[in-house]
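Inspection log for the structure reproduced underneath, given as structure tokens.
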Amino acid sequence: MKIINFAIVNRLDEGDDMKYAIFVIDMLKEFIEGSIPAKDAKTIIPNIKTIVEKAHDKSVPVFYLCDAHEEGDPELKIWGPHAMKGSEGAKVVDELTPKSNDIVIEKKTYTGFFNTPLDEKLKELGVSSIIMTGIHTHICVQHSAADAFYRGYDIIVIEDATAAATDVSHKQGLETMKSLYGAKIMKTEEVLRLFK
Numbered sequence: 004m005k006i007i008n009f010a011i012v013n014r015l016d017e018g019d020d021m022k023y024a025i026f027v028i029d030m031l032k033e034f035i036e037g038s039i040p041a042k043d044a045k046t047i048i049p050n051i052k053t054i055v056e057k058a059h060d061k062s063v064p065v066f067y068l069c070d071a072h073e074e075g076d077p078e079l080k081i082w083g084p085h086a087m088k089g090s091e092g093a094k095v096v097d098e099l100t101p102k103s104n105d106i107v108i109e110k111k112t113y114t115g116f117f118n119t120p121l122d123e124k125l126k127e128l129g130v131s132s133i134i135m136t137g138i139h140t141h142i143c144v145q146h147s148a149a150d151a152f153y154r155g156y157d158i159i160v161i162e163d164a165t166a167a168a169t170d171v172s173h174k175q176g177l178e179t180m181k182s183l184y185g186a187k188i189m190k191t192e193e194v195l196r197l198f199k
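According to my numbering, the sequence shown holds residues 4 to 199 in order.
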């Protein structure tokens, strides 16, 4: 496992013709001020906005992975009704409203890949490396990172553009993604330097 991790980190450091995409995960009203809030969700909005604006400026594709639950979804047994499709809580926060050329993927599970066209869209665009932002670090960000890893994508997680219900959960999520999926953990200012 460590050999794979080092190989991924080295490739990211070298910038081998990386084709990036940005993931904005579950930056929904439900998770900012609703029933399942992330502790620092409001404080990461400016960093995500900066990353998204830079991505737009450099023609880097931006994907919004958004919970859009329906009755009977398995998660509802654990968390109760949240981010129900078409509800106010399932809308992206106003500061990060997707632009017309952004791609919105509605999801019914923790990961943006399960039963969605996400992988197909990434392949169509030739994406090799995914830059992850959003909430919750240890749940939807982590599960999406796992599925990205299984599909061969390199992963960058922006430490100060992700959040969880607690600081401990946030740190555990980052450490899990780093150790199990070879994710490179970076700060917003470091990621901005990738877009030349």
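Backbone N, C-alpha and C fix where the C-beta goes; we use that ideal spot for every residue, glycine too. Here the structure is a predicted model, which means the values were calculated and not measured.
Roughly how many whole angstroms lie between the Cα atoms of Ile25 and Leu79?
Taking the straight line joining both Cα atoms gives about 27 Å.
So, using beta-carbon positions, are Tyr67 and Asp105 closer together than 9 Å?
The Cβ atoms of Tyr67 and Asp105 sit closer than 9 Å to each other.
Could you please give the first and the last residue of the uninterrupted alpha helix (DSSP H) stretch that includes Leu121?
Per DSSP, Leu121 belongs to the alpha helix (DSSP H) from 121 to 127.
What number of angstroms, rounded off, separates the C-alpha of Glu36 from the C-alpha of Phe152?
The alpha-carbon separation between Glu36 and Phe152 amounts to approximately 31 Å.
Length at least 4, wholly inside the segment 41 to 79: the alpha helix (DSSP H) runs in chain order
Annotation: the segment 41 to 79 contains the following complete segments of the alpha helix (DSSP H) (minimum length 4 residues), in chain order: 44 to 60.
Work out the CA separation of Glu127 and Lys45 for me, nearest whole Å.
If you draw a straight line from the Cα of Lys45 to the Cα of Glu127, it comes to about 33 Å.
Straight-line Cα distance separating Val96 from Thr179
Distance between the alpha carbons of Thr179 and Val96: 27 Å.
Are the CB atoms of Met30 and Ile138 nearer to each other than 9 Å?
A contact, by the Cβ cut-off of 9 Å.
Return the Cβ separation of Asp122 and Asn50 in integer angstroms, given the expectation that the two are a contact with Cβ distance under 8 Å.
Going by Cβ atoms, the distance from Asp122 to Asn50 rounds to 26 Å, so no, they are not a contact pair.
Looking at Gly115: is its Cβ nearer than 9 Å to the Cβ of Asp150?
With contacts defined as CB atoms closer than 9 Å, Gly115 and Asp150 qualify as a contacting pair.
Within its chain, find whatever has a CB closer than 8 Å to the CB of Thr169; leave out the 5 residues flanking it on each side and keep chain order.
Excluding residues within five positions, the ones whose Cβ falls inside 8 Å are Lys42.
Do Lys32 and Glu91 have their C-beta atoms within less than 9 Å of each other?
Yes, the Cβ-Cβ distance between Lys32 and Glu91 is below 9 Å.
Is Ile159 near Val130, with beta carbons less than 9 Å apart?
Contact: no.
According to the neighbour-count rule (16 or more other Cβ atoms, all chains shown, within 10 Å of its Cβ), is Asp76 buried or exposed?
With 16 or more other Cβ atoms from the protein chains shown falling within 10 Å of its own Cβ, Asp76 counts as buried.
Cβ of Lys52 within 9 Å of Cβ of Glu98?
Yes; because the gap between Cβ atoms is below 9 Å, this pair is in contact.
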